[in-house]
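What follows is a set of notes on a single structure, which appears directly below.
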Amino acid sequence: MKESKEILTLYKKVSKNADVSHANTLKYKIKVLASSIKRRGVGATLKKIALYLSFYIRGVDLSSENLDKLTKVGEHKDRGTAYLQNSYEVIDEVLKEVEKLDKDVTLGFFLDYGSGKGLPMIIAQRHGFKKVIGVEFAKELCEVCIKNMEKMGIKNYEVLNMDAADYTPLKETTLIFLFNPFDEVVMKKVAKKISSQKNNFKRELYIIYLNPSCNFIFAEDKENFEFVKSLIFETGEIANIFKLKR
Ligand SMILES: C[S@@+](CC[C@H](N)C(=O)[O-])C[C@H]1O[C@@H](n2cnc3c(N)ncnc32)[C@H](O)[C@@H]1O
């Protein structure tokens, strides 16, 4: 993982309903495993394998899905990206990075806009966040996410079946997670909702924007958001970290 102080804007396109079937193949999973050993060593990889084994034993479903046939709510049904689970390492490393910036971040709530089946929520809960919240517009993904939380024995969670543009973050929120979930129309509304609450948040608020296709929305709003750093992963993924100005 490399770090950069420059804001990266390589992700120009939002891949709507891309073919995500490759992510469910054995070949792809082996590639991800080999890359994990190379980057994080055997110990960390074994820890990850143990987690995925527990997913398997408990029947946690994290398979990727197109949005075409799903039942979506709200006025932005065609502005979202497909459900594609991210890699454990990327989420884990980016959370660690924010904890290095602010050790109190886990004292608040973790919020995933476009939470899908909930992998980031599961990982954030293991990092010790007081509560993990997912906002997801596809009903079927919410149902799987709730089942996944229950299977993992997670109690302090909330899954809301709603359009992200309509959700107002709770004052306890300390970390917002965005894995390239929607296009700029929705992202502008979400960023506005976040900044409109800036005087209400109890603690500092950080934003992790992974594969940031609408990065400019946060980068150009210097009145409300401060760019902290970019992380570049060997898989080619980019995570930009922003902080809400108060
Ligand atoms: C790339 S996936 C990310 C899933 C999850 N955050 C993760 O990292 O595993 C994007 C998710 O955003 C959801 N989504 C897209 N537009 C949305 C909207 N307007 N409101 C709520 N969820 C939305 C999709 O259904 C999909 O589950």
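Per the numbering used here, the sequence shown starts with residue 1481, numbered consecutively. The beta carbon of each residue, even a glycine, is placed where N, CA and C say it ideally should be.
8 Å CB neighbourhood of residue i in its chain, flanking five on each side removed
i            : result
residue 1666 : 1556, 1559, 1560, 1643, 1644 and 1645
Cut-off 6 Å between Cβ atoms - residues of its own chain near residue i, not counting five sequence neighbours on either side
i            : result
residue 1640 : 1615
residue 1604 : 1590 and 1612
residue 1632 : 1602
residue 1638 : 1613
Of the residues the options, the one placed nearest residue i, counting alpha carbons only
i            : options                   : result
residue 1688 : 1660, 1521 and 1678       : 1660
residue 1720 : 1726, 1692, 1700 and 1703 : 1692
residue 1611 : 1694, 1652, 1518 and 1725 : 1652
residue 1716 : 1525, 1528 and 1567       : 1567
residue 1686 : 1705, 1600, 1676 and 1668 : 1705
residue 1457 : 1650, 1690, 1700 and 1683 : Residue 1457 lies beyond the residue range present for the chain, which begins at 1481 and ends at 1726; the question has no answer from this structure.
residue 1725 : 1718, 1697, 1710 and 1675 : 1675
residue 1658 : 1510, 1628, 1690 and 1707 : 1690
residue 1599 : 1515, 1572, 1718 and 1647 : 1572
Residue burial classification, residue i (beta-carbon count within 10 angstroms, cutoff 16)
i            : result
residue 1679 : exposed
residue 1522 : exposed
residue 1618 : buried
residue 1530 : exposed
Residues near residue i by beta carbon distance below 7 Å, same chain, minus five either side
i            : result
residue 1497 : Bear in mind that the predicted position of residue 1497 carries a pLDDT of just 44, short of 50, making it unreliable; the figure below should be weighed with that in mind. Excluding residues within five positions, the ones whose Cβ falls inside 7 Å are 1546, 1547, 1548 and 1562.
Test: residue i CB closer than 9 Å to a CB of chain B
i            : result
residue 1562 : Of the chains in the structure shown, none is chain B; there is only one protein chain.
Under the three-state DSSP convention, the category residue i falls into
i            : result
residue 1726 : coil
residue 1653 : strand
residue 1573 : helix
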